[in-house]
Every structure is written in structure tokens, then in C-alpha cells.
Amino acid sequence: MDFFSQISPFLLSGLLLGSIYGLSATGLSLIFGVLKVANIAHGAFIMLGAYVAYFALTMWGVVPFVSAILALALGGALGYLVYVAVVKPLGLKNELNILVALFALFLLMAEAARILWGPDFVGYTWTIGSFSLGGLIIEYTKLAGALLALAIVISLEVFLRKTYAGRAIRAVVQDSVGAQVVGINVDRVYALAAAVGIGITTLAGVFITLFIPVGINPYMGGPYTLMGFVIAVLGGLGSIMGAYLAGLVFGLITSVGYFAFSELGFAEPSQMALFIAFLMLLLILLFKPTGLLRI
Amino acid sequence: MALLVKNLESGYGKLKILFDVSLKVEEGSIVTLLGPNGAGKTTTLLTTFGVVKPWSGSVYLGDVDVTHLPPHKKVDLGIALVPEGRRLFPEMTVVENLALGAYVKRARDKVDDTLELVYGLFPILKERRWQKAGTLSGGEQQMLAIARALMSRPKVLLIDEPSAGLAPKVVESIFQALKQLRSEASVLLAEQNAGVALEICDYGYVLENGQIVLEGAAGDLANNEHVKKSYLGV
Chain A
0 MDFFSQISPF
10 LLSGLLLGSI
20 YGLSATGLSL
30 IFGVLKVANI
40 AHGAFIMLGA
50 YVAYFALTMW
60 GVVPFVSAIL
70 ALALGGALGY
80 LVYVAVVKPL
90 GLKNELNILV
100 ALFALFLLMA
110 EAARILWGPD
120 FVGYTWTIGS
130 FSLGGLIIEY
140 TKLAGALLAL
150 AIVISLEVFL
160 RKTYAGRAIR
170 AVVQDSVGAQ
180 VVGINVDRVY
190 ALAAAVGIGI
200 TTLAGVFITL
210 FIPVGINPYM
220 GGPYTLMGFV
230 IAVLGGLGSI
240 MGAYLAGLVF
250 GLITSVGYFA
260 FSELGFAEPS
270 QMALFIAFLM
280 LLLILLFKPT
290 GLLRI
Chain B
0 MALLVKNLES
10 GYGKLKILFD
20 VSLKVEEGSI
30 VTLLGPNGAG
40 KTTTLLTTFG
50 VVKPWSGSVY
60 LGDVDVTHLP
70 PHKKVDLGIA
80 LVPEGRRLFP
90 EMTVVENLAL
100 GAYVKRARDK
110 VDDTLELVYG
120 LFPILKERRW
130 QKAGTLSGGE
140 QQMLAIARAL
150 MSRPKVLLID
160 EPSAGLAPKV
170 VESIFQALKQ
180 LRSEASVLLA
190 EQNAGVALEI
200 CDYGYVLENG
210 QIVLEGAAGD
220 LANNEHVKKS
230 YLGV
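One line per chain: the protein sequences are A and B, in this order. Going by numbering that gives the first Met the number 0, the first sequence wraps up at 294, each residue one higher than the last. Going by numbering that gives the first Met the number 0, the second sequence wraps up at 233, each residue one higher than the last.
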């Protein structure tokens with residue numbers, strides 16, 4: 000088998016999974032851009048979305064593409080609550096307090112999930128077939144998930160550019176005092192950004208289960224918080240399209256990295272691939288701290 | 000009466016900045032608030048606008064008590080602020096900045112008319128309309144900040160130090176434009192540069208250490224010994 004046909008499945012799976020990574024990082028990036036708050040609890044909402052996908056399918060037979068809507072609504076409501084009950088009372092200027100509170104929320108959600116749903120890995124099987132492209136097997140569910148993720152990111156970008164509410168969000172990102180001056184209710188924009196950001200994150204949690212159908216667990220969130228930050232920083236915090244593109248890049252690097260390190264005989268190729276991703280974060284912070292794109 | 004500020008007191012944390020500040024802006028007039036750095040000029044504007052919460056006293060827009068309304072409600076009722084440091088949206092074009100200036104519902108329907116108005120006042124903004132605000136010169140940014148505030152169709156315009164950091168020639172052209180604003184809005188202008196401010200205003204107040212120490216018609220202030228010595232450098 001030649002090199003190209005060996006590596007192309009990894010390129011493809013990197014792109015497909017990268018599309019989901021990109022989607023989840025847009026939520027993080029939006030919240031950071033607007034509220035200047037690092038949502039450490041990010042991974043917990045991914046976990047929540049994963050459980051939504053699991054229970055919707057196994058209990059009611061609702062497929063992930065439909066339960067994604069449920070996750071968006073649930074995440075949106077929780078995001079609004081996080082703003083009103085956690086971020087606002089602490090005061091946006093107390094960044095450290097908010098960071099600690101969100102870390103507490105992360106732990107609280109993981110433990111609540113363990114009490115409610117048990118500590119074990121759960122999963123589901125759901126296939127709608129696959130097709131072959133030049134020797135590559137592509138599952139329809141993964142392809143549809145990746146394309147839908149792209150469509151959602153584009154819709155979000157259109158919302159931010161074409162609607163008054165979206166423009167108000169962008170105004171707050173660029174200068175919150177300026178936004179106040181033109182008559183924008185900044186408090187409402189903060190609540191909206193938290194709701195949309197966490198809604199999208201939870202929705203992305205549903206899509207992630209298309210790729211790890213048996214990896215659902217109360218403690219699965221941690222690595223997603225880490226990866227989310229690498230991707231959001233790579234894309235330029237606050238930039239939606241930047242976060243998405245960075246997700247694709249991140250997916251490609253970890254997937255191809257996995258291939259390369261397993262070919263080279265490393266014991267833990269997926270850990271090594273993550274190492275490369277974090278090395279990348281370090282280099283970006285050193286040499287281009289504004290990321291690939293800005294809003 | 001367009002704007003009435005009565006016995007206003009405010010500050011930051013426990014630090015009181017304004018002591019019993021009262022002033023009024025008649026309809027169609029330009030009123031200037033003179034004073035040295037740190038006198039409380041910016042705080043007066045910010046408290047009037049609602050970014051800083053008043054401790055006591057009141058603010059009336061026409062006959063309406065707006066003392067405790069948040070900024071976005073004040074903009075809706077007809078008060079606009081050109082803030083210190085301009086606070087434009089740097090990554091947006093001139094047109095996008097202006098469109099956001101007309102964010103309040105009352106102003107949205109009139110966007111096209113108001114755009115013509117501000118382009119007439121500052122023709123350079125029309126030339127630069129597709130340029131990002133962050134790439135404009137300091138003078139152009141100041142013009143854009145004033146134009147953005149006008150986009151909300153205010154009855155009263157609060158302007159904070161429009162001359163700050165600008166070359167005298169640029170200051171001159173901005174103040175010439177301000178002079179023409181009388182027909183659109185009443186203006187309260189906080190300014191350190193007493194020379195240019197007194198040239199275009201009708202009435203003025205002098206603020207020192209958070210208190211109004213002097214007031215009068217522009218001509219009288221220009222001839223006042225204290226103003227001459229402390230602010231006009233003659």
C-alpha cells in the first residue's frame with residue numbers, strides 16, 4: 000500500500016472529527032470574546048450533551064441529529080443560568096473568582112452525573128450505513144455530523160453579521176464601553192452570549208458521540224476543556240470562523256500525528272499526538288498570540 | 000430646557016468626585032464644561048449618561064426625570080455620549096460603526112437620512128466609509144465618534160474632550176463642525192482647551208475639584224480674570 004492510501008483515512012477522519020472540535024470551540028470562543036471569561040466548565044457541557052445523545056437514543060429512540068436540538072435548548076437555558084447565577088453576581092471584573100467558580104461547576108456537574116447516571120462508560124450503536132470513496136469507508140453519520148457542524152458555524156457567523164442582536168454581540172466583543180454608548184443593553188448581550196455559547200457547546204457534545212459512541216462517561220469532559228482552549232486560542236479567541244478552522248487543523252494534526260507515531264512504534268500514539276497539539280499551542284502563544292483570525 | 004443636572008453627586012467606590020454639581024443646557028445651545036485634568040468633567044458626563052451611578056441629585060431630559068435610567072434607556076430617550084477615548088469598534092468599517100450608532104429602535108428607520116446628515120457634516124467619513132475604524136487617523140476617529148453618537152438622533156449630545164491628542168488644525172475643523180450641530184442637538188462639551196471651546200459655545204461652567212466654581216456666557220468667561228489666567232494662558 001502506498002503512503003497516500005495509508006494516510007488518507009487519517010486525513011479524512013481528522014477533518015470530520017476536526018469539524019466537530021471546531022464547532023465546540025466556537026462556543027468557548029464566543030463566550031471569551033464577549034464576557035472575557037474562560038469557560039473552564041466547557042468540557043462538562045460536552046459531557047452533558049453526550050448523555051443527552053445517549054439517553055435520547057436508548058430511552059426514546061430519538062436519533063442524535065434530533066436530540067441535538069434538545070441539547071441546544073438545554074445548554075442554552077443552562078448557559079443563561081450560569082450567567083445570571085454565577086458570572087453576574089461575582090462581577091465580570093473578578094476574573095479569578097469566576098474562573099474558580101466555573102471550575103467548581105465543572106466538578107459539580109461531573110459528580111452529579113456520576114450520582115445520577117453511574118461511573119461507568121456507556122454508549123450506543125446507531126448506524127445508517129456507509130459508503131466507499133476510493134477505498135475509504137465513510138460512515139454517513141460522521142459525514143452528516145461534520146457537515147451539520149459546518150452549517151451551524153456558518154449560521155452563527157451569519158447571525159453575528161446580519162442581525163441586530165448579532166451585531167450587538169460583535170460590538171461588545173470589540174469595545175464594551177462603545178457598545179453601551181450606542182444604546183446596547185450590554186447585560187442582555189452577556190446573557191445571550193453565555194446562552195448561545197453553552198448551547199452550542201452542549202450541542203457539540205451530542206455530535207462528539209457520533210465519533211466515540213462508547214466513550215460516554217461523567218469524567219469525559221476534562222480533555223475537551225483542554226482541547227477547546229488549544230483550538231480557541233489557535234483560532235484567535237473571540238473569532239468564530241477562526242475557532243472552526245483551528246478545529247479542522249487540530250483534528251488533522253492529532254489524527255495524522257496518531258498515524259505517524261504508531262508507524263514509528265510509540266507506545267501511546269494518541270497521547271503523543273495530543274502532545275504535538277499542546278506544543279503547537281505553546282508556539283502560537285509565543286509567536287502569534289492573536290491566533291489565526293480575529294473577529 | 001434640553002438638559003438639567005441638579006445637585007449631582009457621584010464617585011467611584013468610596014471616593015467622592017462630584018460635589019453638588021448643577022448645570023443646564025438650553026435647547027439648541029452649546030454649553031461647555033471647562034476645568035483641569037481630574038476636575039471631574041468626565042465623571043460629570045458619565046454620571047449624566049448613567050455609566051456612573053449618581054449618589055444623589057437628579058438629571059432631567061426635558062421634563063423627564065432620567066436620573067436612574069441605565070445608559071441604553073437614556074440613548075433611547077435622546078441622550079448620546081461621545082466618550083473619552085472614542086470607544087469605536089476598531090475591526091468594523093466606518094459604515095458598520097455608524098449603523099450601530101443607530102442601534103436604538105427609534106433611530107433605525109431613519110438610518111439613511113441620518114447617514115446623509117453626518118456625511119454632510121464630515122465628508123471625509125463618506126470617503127472612508129469602507130475602511131476599518133481602527134485604521135483611521137486620530138482626527139477621523141474623533142469625527143466618527145461624534146457621527147456615531149449623532150446616528151441615534153439625540154436631543155442632547157455629551158462630548159468628552161474632542162480635542163484630546165489632536166493637532167490644532169484638526170481640532171479647528173472638528174469644532175467648526177460642532178458649531179453646525181446646534182440645529183440637530185443641544186451640546187454639553189467637556190473640554191480642557193478653553194480657547195477653542197469658548198469660541199463656539201454659548202454658555203460655560205468651570206469645574207474645579209468636583210465643584211462648579213464659575214459660570215457665565217461665553218464672552219464673559221473669556222474675559223474673566225481667573226479663566227484667563229488658569230485656562231487661556233494670558
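Each residue gets a CB set at the ideal place from its N, CA and C atoms; glycine is no exception.
B:L99 versus A:V181 - alpha carbon distance: 7 angstroms
Within chain A, partners of B:Y102 - CB distance below 9 angstroms: Residues of chain A passing the Cβ test: Y163, R166, A167, A170, A178, V181, G182 and I183.
Beta-bridge pairing of B:V63 - partner residues as DSSP gives them: B:L60
Under 8 angstroms between C-beta atoms of B:R147 and B:K109: no
Where B:Q175 falls, given that 16 or more other Cβ within 10 Å makes a residue buried: exposed
Sheet register partners of B:L32 (DSSP bridge): DSSP, once it has assigned bridges, lists B:A189 and B:Y204 as partnering B:L32.
Within-8 angstroms CB hit, A:D1 to chain B: So, not an interface residue.
Euclidean distance between Cα positions of B:L7 and B:V20: 5 angstroms
Contacting residues, own chain, Cβ-Cβ under 8 angstroms from A:L71 (five flanking each side not counted): Listed in chain order, the non-local C-beta contacts of A:L71 below 8 angstroms within the same chain comprise G198, I199, T201 and L202, local neighbours out to five positions each way being set aside.
Within chain B, partners of A:D174 - CB distance below 8 angstroms: R86, L87, F88 and P89
Cβ-based burial, B:Y11 [other Cβ within 10 Å; buried from 16]: exposed
Closer than 8 angstroms to chain B by CB, A:I294: Because A:I294 sits at a pLDDT of 42, beneath the cut-off of 50, its placement in the model cannot be relied upon, and the following sentence gives the value as read from the coordinates. Yes, contact with chain B.
Span separating the alpha-carbon of A:A145 from that of A:D174: 33 angstroms
Beta-bridge pairing of B:T92 - partner residues as DSSP gives them: Looking at the DSSP output, B:T92 sits in a beta bridge with B:K131.
Simplified DSSP assignment, three categories, for B:E25: coil
Short CB-CB distance (under 8 angstroms) between B:R128 and chain A: no
Straight-line Cα distance separating A:L29 from A:F228: Computed Cα separation, rounded: 12 angstroms.
Three-state secondary structure assigned by DSSP to A:I197: helix
CB contact check: B:L112 to chain A, cutoff 8 angstroms: Inspection of the sequence shows that residue 112 of chain B is occupied by Asp rather than by Leu. Output row for B:D112: interface = no.
N- and C-terminal bounds of the beta strand (DSSP E) containing B:Y11: L2 to Y11
Anticipated Cβ contact below 8 angstroms, B:A132 with B:M91, distance rounded: 6 angstroms
Per-residue DSSP class, three states only, for A:L135: strand
Nearest residue (CA-CA) to B:T43, options B:E214, B:G209 and B:D219: With distances taken between Cα atoms, B:T43 lies closest to B:G209.
Cross-strand partners of B:S55 (DSSP beta bridge): B:E8
Euclidean distance between Cα positions of B:V170 and B:E139: 11 angstroms
Three or more C-beta pairs below 8 angstroms linking the region 268–277 of chain A and the region 29–39 of chain A: As far as the Cβ criterion goes, the region 268–277 of chain A does not touch the region 29–39 of chain A, which means the pair count is below three.
CB of B:P82 within 8 angstroms of CB of B:D159, strictly: yes
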